[in-house]
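First up is the structure itself, then whatever we jot down about it.
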Amino acid sequence: MDKKIWQNDISRRKFLGISAGVVSSFMFSNIFKPTHVGAAAGEDYKRIVVLTDVHVPSSKDKLKIAALQDINSWNDVDHVVVTGDLCHEVGDEKELKAAVELMSHCKKKRYVLTGNHDYLYSDGTNEGGKYQAGPKERAFKLERFRRYFNMNALYFSKDVGDYHLVYLSPDSLDTIHLTEMSVEQLAWLSADLEMNRDKPTIIFFHGSLEGTWDNNGRNWPKNPKFMAQPIDDVRDILKANPQVMIWVSGHLHLGVYNQSSCNEKIYTYDVNKVQNMHNPALLGTGYQRSDSDDGGAYPALWTRSLYLYSDRVEFRTYDHTNQKFLTDLDRAIKVTRR
Ligand SMILES: [Fe+2]
């Protein structure tokens, strides 16, 4: 679909207009620190483990495999989702094969989505190092990524328990931004959300929502290249769909104690209070504090899990290096059905 046609599309306008008056059949609380977590006797839930920014190959691949083995040992996992950057740099065939081999250690059902390092850059380099590929090379890499990871599609949705889960991938062939959806994907997303309006919804995507990380130390928050793009369309779609409660992302390599990861005043989006759940890089390096420009090694490898209960979603963080949950980072959102 041509960008102009999407932006002027009558059905899209109509859709946005209709949705403005819709009253949801449920509501969400603000995120809070629960006094206790976990299932009550006989209570059912679905656990989803989030991995992101695995960046294979790297010197920590053995530790990443050990983390996957921890996840394999958890008997309550519904599935694992990887929100992009499986490949370390440019997503060439060598990196892709190494990433597929590493992920073969995951014995749980898993879904793999793209990040910028999986398709956006050319295999070649120039005097400035790596550079963004043209549309043909990007399209080739997207399709090869899908095929090697045996995915039916790079964007899709499914219902898990009482929730609607939407899995998205950066796939623009001509953007200069790092995490941008194609117009085809945006049209699909609008239609999918419109058809599933009555379900609390969680979206997985490599890039984070505009304004959900702070501006200490780095200029990323003001740089549109780092935001989930196109920002106006993402904003319009989320505004029209108040059933979307959580946006799960990676890309920024924020440590779990970075203020942007653990302070809800920062990670709450300014539309419908969507909670942007930032996730740490399984690469094991990134920004541990908001006010630093460190970008160095984390003290541990961490993953986050979402626990979907019929009346709440819990977020928990696991420290694979020290084999323990970081209970001070436990958070929850209540879902009240009317
Ligand atoms: Fe990354």
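According to our numbering, the residues represented by the sequence shown are 342 to 679, in order. C-beta: ideal position from N, C-alpha, C; glycine also.
| Query | Result |
| --- | --- |
| Give the range of the beta strand (DSSP E) segment to which L647 is assigned. | 643-650 |
| When you compare only the Cα positions, how much space is there between T668 and E478? | 44 Å |
| Let me make sure I understand the geometry here. Which of E525, S631, R576 has the alpha-carbon closest to that of L595? | S631 |
| Less than 7 Å between C-beta atoms, sequence neighbours within five positions excluded: which residues of the same chain meet that for R653? | A673, I674, K675, V676 |
| Short of 6 Å in beta carbon distance, which residues of its chain neighbour G362, apart from the five on each side in sequence? Order them along the chain. | For G362, the predicted structure reports a pLDDT of 47, less than 50, and the residue's modelled location is therefore unreliable. A value from the coordinates is still provided. Answer for G362: no residue qualifies. |
| Measure the C-alpha to C-alpha separation of P710 and L392 and round it to an integer number of angstroms. | Residue 710 cannot be examined here, being either before or after the span of the chain that is shown, 342 to 679. |
| Looking at C-alpha atoms only, which residue of A380, V390, H377 is the closest neighbour of M618? | V390 |
| Taking 5 Å as the limit, name every residue whose beta carbon sits nearer than that to some heavy atom of ligand 1, in sequence order. | D394, D426 |
| Out of D419, F373, E430, F369, which has the shortest C-alpha to C-alpha gap to D394? | E430 |
| Mind checking which residues open and close the beta strand (DSSP E) that includes I543? | 542-545 |
| Rounded to a whole number of angstroms, what is the C-alpha to C-alpha distance between H592 and G548? | 6 Å |
| Given L495, which residues of its chain have a CB within under 7 Å of its CB, disregarding the five upstream and five downstream residues? | L454, T455, L483, R487, S510, D512 |
| Between E436 and V397, what straight-line distance do the alpha-carbon atoms span, to the nearest angstrom? | 6 Å |
| What residues in its chain sit with their C-beta under 8 Å from that of V615, if we drop five residues either side in the sequence? | L550, L579, V585, M586, I587, W588, T609 |
| What beta strand (DSSP E) runs, 3 residues minimum, are completely inside the stretch 524-595? | 542-545, 585-590 |
| List the DSSP bridge partners of H420. | I389 |
| Among the candidates D411, A381, I543, whose CA atom is the shortest distance from the CA of K499? | I543 |
| Would you list the residues sitting across from I517 in a DSSP beta bridge? | In DSSP, I517 forms no bridge with anything. |
| Taking the straight line between their C-alpha atoms, what separation do you get for Q664 and Q410? | 12 Å |
| Counting Cβ pairs closer than 8 Å, one from the stretch 442-461 and one from the stretch 409-429, do we hit at least three? | yes |
| Contact check, L514 vs A480 under 8 Å by CB: the rounded distance? | 6 Å |
| Along the chain, where does the alpha helix (DSSP H) that runs through M444 open and close? | 434-444 |
| Take N604 as the anchor and find which of T662, M492, N371 has the nearest alpha-carbon. | N371 |
| In terms of residues, what are the limits of the beta strand (DSSP E) holding K471? | 470-473 |
| Could you check the C-alpha separation between P541 and L649 for me, to the nearest Å? | 10 Å |
| Taking 6 Å as the limit between beta carbons, can you name the residues of its chain near D503, skipping five residues before and five after? | S651 |
| Just the Cα atoms here: how many angstroms apart are K405 and L443? | 8 Å |
| Please name the residue or residues paired with E655 in a DSSP beta bridge. | Y648, A673 |
| Do you know offhand how far V378's Cα is from L647's? | 12 Å |
| So, at 7 Å on beta carbons, what are the nonlocal neighbours of P621 in its own chain, with the 5 sequence-adjacent residues on each side left out? | L595, G596, V597, G627, Y639, W643 |
| Where DSSP assigns a beta bridge to N599, which residues make up the other side? | Per DSSP, none; premise fails for N599. |
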